[in-house]
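So in our numbering, spot 210 of the sequence shown is number 864, and the numbers just go up one at a time.
No residue lacks a Cβ here, since even glycine has one placed at the ideal position from N, Cα and C.
Bear in mind that the values here come from a model prediction, so they are computed numbers and not experimental data.
Working notes for the structure below.
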Amino acid sequence: MTETTQQTPLTSRRCGYVALVGRPNVGKSTLLNHLLGQKISITSRKPQTTRHRIHGILTDNNCQMVFVDTPGVHQERDKAINRAMNKAALSTMSDVDVVVFLVDRLQWTDEDELVLENLKQLSVPIILAINKVDKVIDKNKLLPHMQTLASYLSWSELIPISAKNGHNQHLLLDAIRSRLPESDFYFDEEQVTDRSEKFIASELIREKLMRQLGDEVPYKVAVEIEQYQEEPNLVRIDALIWV
Numbered sequence: 655m656t657e658t659t660q661q662t663p664l665t666s667r668r669c670g671y672v673a674l675v676g677r678p679n680v681g682k683s684t685l686l687n688h689l690l691g692q693k694i695s696i697t698s699r700k701p702q703t704t705r706h707r708i709h710g711i712l713t714d715n716n717c718q719m720v721f722v723d724t725p726g727v728h729q730e731r732d733k734a735i736n737r738a739m740n741k742a743a744l745s746t747m748s749d750v751d752v753v754v755f756l757v758d759r760l761q762w763t764d765e766d767e768l769v770l771e772n773l774k775q776l777s778v779p780i781i782l783a784i785n786k787v788d789k790v791i792d793k794n795k796l797l798p799h800m801q802t803l804a805s806y807l808s809w810s811e812l813i814p815i816s817a818k819n820g821h822n823q824h825l826l827l828d829a830i831r832s833r834l835p836e837s838d839f840y841f842d843e844e845q846v847t848d849r850s851e852k853f854i855a856s857e858l859i860r861e862k863l864m865r866q867l868g869d870e871v872p873y874k875v876a877v878e879i880e881q882y883q884e885e886p887n888l889v890r891i892d893a894l895i896w897v
């Protein structure tokens with residue numbers, strides 16, 4: 655009698671890093687927060703609100719997607735902070751399994767072109783997500799624009815979405831999921847971010863400053879948490895604001 659041995663895959667799970675890239679104010683942080691169902695990355699109408707690479711972790715059954723929210727790629731590279739943020743954003747692209755490139759509706763700018771030139775050097779799957787399509791008044795203009803964008807690169811997928819209201823985000827997740835490698839999870843299934851609660855608190859305070867004070871607040875404003883204490887009915891936070 656002949657015995658046959660059936661090999662079982664080491665894991666049926668998929669896991670990997672997904673970079674959200676694009677120019678400032680295109681909706682990367684809004685998309686990340688919506689996908690996770692909670693706020694971990696701050697948003698405002700000011701460009702360059704996101705300064706740090708923030709990992710958002712979405713675990714769905716047998717798949718774990720580790721999103722990397724990057725600073726917006728900025729064309730004005732004369733300032734040191736812009737150069738540093740550009741370097742952080744662009745270096746992320748080479749360290750991930752999938753890239754999601756967000757663009758804004760019918761717009762295409764020099765900053766989008768800068769991102770595109772860097773994407774052409776990558777060998778990982780690249781998904782183009784056209785954001786804010788819910789704000790396009792003349793929908794007849796959308797298809798020709800998508801056809802133009804399709805000619806720029808051999809995209810793995812091209813998906814019109816709305817980061818704010820969730821339109822087509824299930825299609826985006828399906829496209830990402832199918833392109834992640836088989837792997838055990840990197841993080842605990844209950845974990846949503848790699849950042850501490852103190853860091854999230856400092857970012858939320860910085861968000862309120864940028865939203866409430868507008869142009870009066872310089873981009874270099876920083877928040878330092880001096881004390882973070884959890885009490886039965888509240889969290890007591892002492893923060894120092896540097897301007």
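- In the DSSP assignment, Thr684 falls within the unbroken alpha helix (DSSP H) covering Lys682 to Leu690.
- A Cβ-Cβ distance of about 7 Å is found for the pair Val875 and Arg860, placing them in contact under the 8 Å criterion.
- Taking a contact to require three or more Cβ pairs closer than 8 Å, the region 793 to 804 and the region 768 to 778 do not qualify as touching.
- DSSP places Gln881 inside the beta strand (DSSP E), whose first and last residues are Ala876 to Glu884.
- For Val720, there is no enclosing alpha helix (DSSP H); the residue is found in the beta strand (DSSP E) stretching over Cys717 to Asp723.
- A direct Cα-to-Cα measurement between Leu674 and Asn715 gives close to 22 Å.
- When rounded, the separation of the alpha-carbon atoms in Leu690 and Ile708 is 13 Å.
- Apart from the 5 residues on each side of it in sequence, Leu834 sits with its Cβ closer than 6 Å to the Cβ of Arg668, Gly670 and Asp751 in its chain, given in chain order.
- Per the coordinates, the alpha-carbon of Thr763 lies some 32 Å from the alpha-carbon of Val877.
- Counting C-beta atoms within 10 angstroms of its own C-beta, Gln881 has fewer than 16 neighbours from the protein chains shown and is therefore classed as exposed.
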